[in-house]
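A quick write-up on the structure given underneath.
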Amino acid sequence: MRTAVVILNWNTKDFLGRFLPGLSASMPEGAEVAVADNGSTDGSVELMKDKFQSIKLIELDKNYGFTGGYNQAFKALSQMPEASDLDYFVLINSDIEVPEGWLEPLVSWMDSHPDCAACAPKLHSWQDRDSFEYAGAAGGLLDKFGYPFCRGRVLKRLEKDNGQYDTPSKVFWATGACLMVRAKEYERMEGLDDRFFAHMEEIDLCWRLQLEGKEIWVVPQSVVYHVGGGTLPNDSPWKLKLNYRNNLLMLRNNLAKTIALKEAGRLPIRKAAERASRKAGRIIFMRKCLDGCSALVYLLTGKAALTKSVIEAHKEFKSMVSKLEVTDIQEYLASHNGISAPALFPQWIVLLAMTKGNGIFAYLRKRI
5 MRTAVVILNW NTKDFLGRFL PGLSASMPEG AEVAVADNGS TDGSVELMKD KFQSIKLIEL
65 DKNYGFTGGY NQAFKALSQM PEASDLDYFV LINSDIEVPE GWLEPLVSWM DSHPDCAACA
125 PKLHSWQDRD SFEYAGAAGG LLDKFGYPFC RGRVLKRLEK DNGQYDTPSK VFWATGACLM
185 VRAKEYERME GLDDRFFAHM EEIDLCWRLQ LEGKEIWVVP QSVVYHVGGG TLPNDSPWKL
245 KLNYRNNLLM LRNNLAKTIA LKEAGRLPIR KAAERASRKA GRIIFMRKCL DGCSALVYLL
305 TGKAALTKSV IEAHKEFKSM VSKLEVTDIQ EYLASHNGIS APALFPQWIV LLAMTKGNGI
365 FAYLRKRI
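First residue of the sequence shown? That's 5 in this note's numbering, and the numbers climb one at a time after it.
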């Protein structure tokens with residue numbers, strides 16, 4: 005088994021019944037599907053044992069979240085004798101429909117591009133099959149304040165796919181809804197950051213991989229179709245809290261090192277680390293202020309539960325991190341000489357989207 009395609013399931017029995025047969029049937033030689041169940045209570049495990057006995061089932065004792073669940077699944081797979089030659093680990097949501105031949109372009113790309121640590125297909129909407137889907141579209145980017153957006157999706161605005169992103173492209177992040185990662189790199193990164201539980205963990209992983217000199221690509225010769233909101237509805241206060249909290253965690257994990265790589269070309273390591281620490285601190289403070297503005301908007305529009313989510317997110321973030329030490333950045337710089345800094349988009353995407361309106365995609369295509 006060179007490629008393990010793993011669904012992490014939590015109470016999505018209906019999606020398993022609908023999409024798992026097609027996924028299993030699409031596997032080429034050397035690839036195999038597994039389902040890791042995250043302590044479901046909706047009969048998902050019973051369905052697997054009754055209807056899908058030929059598919060590997062990894063039963064977890066509780067809900068470890070997206071991060072812990074996949075980390076546990078990877079560990080379990082790595083210990084199986086048939087996975088001794090495992091090259092690629094594919095994270096795929098249960099609410100994704102795949103066409104025949106979707107996996108081969110991803111494997112081929114990784115085989116021929118050793119610097120690529122992770123790649124993804126184009127993500128289309130299952131409901132509107134010619135449109136990109138929110139969770140990843142044609143590859144993700146990150147603005148200077150840590151706001152994620154995609155080629156084909158900016159905020160809640162989506163593009164039709166008219167072939168405008170049909171060339172394989174290096175991106176900042178690729179969607180965790182369907183993400184192929186080199187097994188050795190996933191292990192080297194110690195997987196997803198367990199603190200995240202769910203949401204933005206794949207962006208953090210892609211950022212950490214780039215900080216090790218690796219690349220992230222979208223391979224548009226592969227397309228899959230995503231229902232979206234299969235586990236948590238989009239208006240969930242808990243989901244909103246996770247997004248706000250994890251965005252700050254992601255910045256804390258990676259921003260100072262990224263700035264330090266830029267500064268190291270013109271400053272001694274110690275000074276580059278000090279400047280990076282200060283700059284990262286200012287940006288994270290600014291992001292907190294922007295979050296506060298969002299919380300106020302929620303409050304003024306009668307969405308007090310969402311305001312509470314933002315406040316809780318900031319409290320949890322504060323309790324989960326320690327002070328950023330300049331010596332840590334110094335040590336990173338000393339051992340990563342010559343690595344190019346991951347490229348953040350230099351503008352604030354929220355303001356840009358408001359001012360450009362429907363012209364935002366044409367504007368971005370000229371600049372990314």
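Each residue gets a CB set at the ideal place from its N, CA and C atoms; glycine is no exception. All figures in this text were calculated on a predicted structure; none of them were measured in a lab.
Span separating the alpha-carbon of residue i from that of residue j
i, j, result
"Phe-94", "Val-9", "Phe is not the amino acid found at residue 94; the sequence shown has Val there. The straight-line gap from Cα to Cα measures roughly 5 Å."
"Glu-205", "Ala-77", "16 Å"
"Asn-42", "Glu-216", "30 Å"
"Cys-182", "Gln-225", "14 Å"
"Gln-214", "Glu-329", "21 Å"
"Gly-72", "Leu-12", "10 Å"
"Val-227", "Met-324", "37 Å"
"Arg-369", "Leu-81", "40 Å"
"Glu-101", "Lys-312", "35 Å"
"Asn-247", "Val-111", "31 Å"
"Ile-96", "Lys-275", "42 Å"
"Asp-91", "Leu-64", "23 Å"
"Ser-88", "Lys-218", "24 Å"
"Asp-134", "Tyr-229", "10 Å"
"Ala-308", "Leu-107", "44 Å"
"Ala-124", "Gly-140", "9 Å"
"Gly-342", "Leu-271", "14 Å"
"Lys-327", "Phe-321", "12 Å"
"Ala-317", "Pro-32", "43 Å"
According to DSSP, residues forming a beta bridge with residue i
i, result
"Met-184", "Val-94, Cys-123"
"Val-158", "Arg-161"
"Asp-147", "Phe-349"
"Pro-241", "Beta-bridge pairing links Pro-241 to no other residue."
"Asp-41", "Asn-13, Glu-63"
"Trp-396", "Outside the displayed span of the chain (5 to 372) sits residue 396, for which this structure offers no information."
"Ser-135", "Lys-164"
Start-to-end residues for the alpha helix (DSSP H) that takes in residue i
i, result
"Pro-25", "17 to 29"
"Ile-207", "205 to 214"
"Glu-377", "What is shown of the chain runs 5 to 372, which leaves residue 377 out entirely."
"Asn-362", "Note, Asn-362: premise wrong, no alpha helix (DSSP H); not H, not E."
"Ile-333", "330 to 339"
"His-230", "Per DSSP, His-230 belongs to no alpha helix (DSSP H); it is in the beta strand (DSSP E), 219 to 230."
"Lys-374", "For residue 374 there is no data in the structure shown, the boundaries of the chain being 5 and 372."
Proximity test, residue i beta-carbon vs the ligand PLP heavy atom, cut-off 7 Å
i, result
"Leu-196", "Among the components of this structure there are no ligands whatsoever, and the ligand PLP is therefore not found."
First and last residue of the uninterrupted beta strand (DSSP E) at residue i
i, result
"Gly-105", "Unbroken run through Gly-105: none, as it is neither H nor E."
"Lys-312", "Not the beta strand (DSSP E): Lys-312 falls in the alpha helix (DSSP H), residues 308 to 324."
"Lys-174", "173 to 175"
Exercise. Taking three-plus beta-carbon pairs below 8 Å as touching, is the stretch 256 to 267 in contact with the stretch 295 to 304?
Worked result: Contact between the stretch 256 to 267 and the stretch 295 to 304 is absent, with fewer than three C-beta pairs closer than 8 Å.
For this session: Quick one: which unbroken alpha helix (DSSP H) runs of 4-plus residues sit fully inside the stretch 275 to 299? Chain order, please.
Result: Within the stretch 275 to 299, no alpha helix (DSSP H) run of at least 4 residues lies entirely inside it.
Exercise. Does the stretch 148 to 168 come within contact of the stretch 33 to 50, defined as at least 3 CB pairs closer than 8 Å?
Worked result: Here the stretch 148 to 168 does not lie against the stretch 33 to 50, with fewer than 3 beta-carbon pairs under 8 Å apart.
Exercise. Is there contact between the stretch 191 to 210 and the stretch 244 to 253, where contact requires at least three CB pairs shorter than 8 Å?
Worked result: The answer is yes - the stretch 244 to 253 touches the stretch 191 to 210, with three or more Cβ pairs under 8 Å.
For this session: Report yes or no: do the stretch 12 to 31 and the stretch 49 to 58 share at least 3 C-beta pairs separated by less than 8 Å?
Result: Contact between the stretch 12 to 31 and the stretch 49 to 58 is present, because at least three Cβ pairs lie under 8 Å.
Exercise. Do the stretch 276 to 295 and the stretch 145 to 155 touch if we need at least three Cβ pairs shorter than 8 Å?
Worked result: The stretch 276 to 295 and the stretch 145 to 155 touch, with no fewer than 3 CB-CB distances between them shorter than 8 Å.
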